[in-house]
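All residue numbers for the sequence shown refer to our numbering, where the first residue is 71 and numbers rise by one. Backbone N, C-alpha and C fix where the C-beta goes; we use that ideal spot for every residue, glycine too.
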Amino acid sequence: MTMSVSEKARFDTRLSREQKELFEYATSLGGFRTLTEFVIHSAQQEAEKIVEKHDRIIASSKDKEIFFDALMNPPAPNKALKNALNRHRGSLKH
Numbered sequence: 071m072t073m074s075v076s077e078k079a080r081f082d083t084r085l086s087r088e089q090k091e092l093f094e095y096a097t098s099l100g101g102f103r104t105l106t107e108f109v110i111h112s113a114q115q116e117a118e119k120i121v122e123k124h125d126r127i128i129a130s131s132k133d134k135e136i137f138f139d140a141l142m143n144p145p146a147p148n149k150a151l152k153n154a155l156n157r158h159r160g161s162l163k164h
């Protein structure tokens, strides 16, 4: 997903008048030269936070595979787990 420095892509969007005015005001307050610079900076920061948060939870493709396999195909409870459940149920009766 990383682009080299020489590659360019275009992104167009429509804003309400209020959004544009707010963004322009934030552009000047933040010391950005252009509205585009402000929007790219802000969107990139938010995107990096989202990706970083996601990657912290599930670090690699292999981790994702292991995690989702465990969710979709849980192992049968072993003897120790069954005994613990029986003790717990017994403690609720008293």
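Residue i and residue j closer than 7 Å at C-beta
i          : j          : result
residue 85 : residue 94 : no
Run of the alpha helix (DSSP H) containing residue i, from where it starts to where it stops
i           : result
residue 77  : Unbroken run through residue 77: none, as it is neither H nor E.
residue 139 : 131 to 142
residue 148 : Taken as a continuous stretch (DSSP letters only), residue 148 belongs to no alpha helix (DSSP H), as it is neither H nor E.
Separation of residue j from residue i, as counted between CA atoms
i           : j           : result
residue 97  : residue 158 : 60 Å
residue 135 : residue 141 : 10 Å
residue 110 : residue 143 : 42 Å
Simplified DSSP assignment, three categories, for residue i
i           : result
residue 87  : helix
residue 82  : coil
residue 93  : helix
residue 106 : helix
residue 160 : helix
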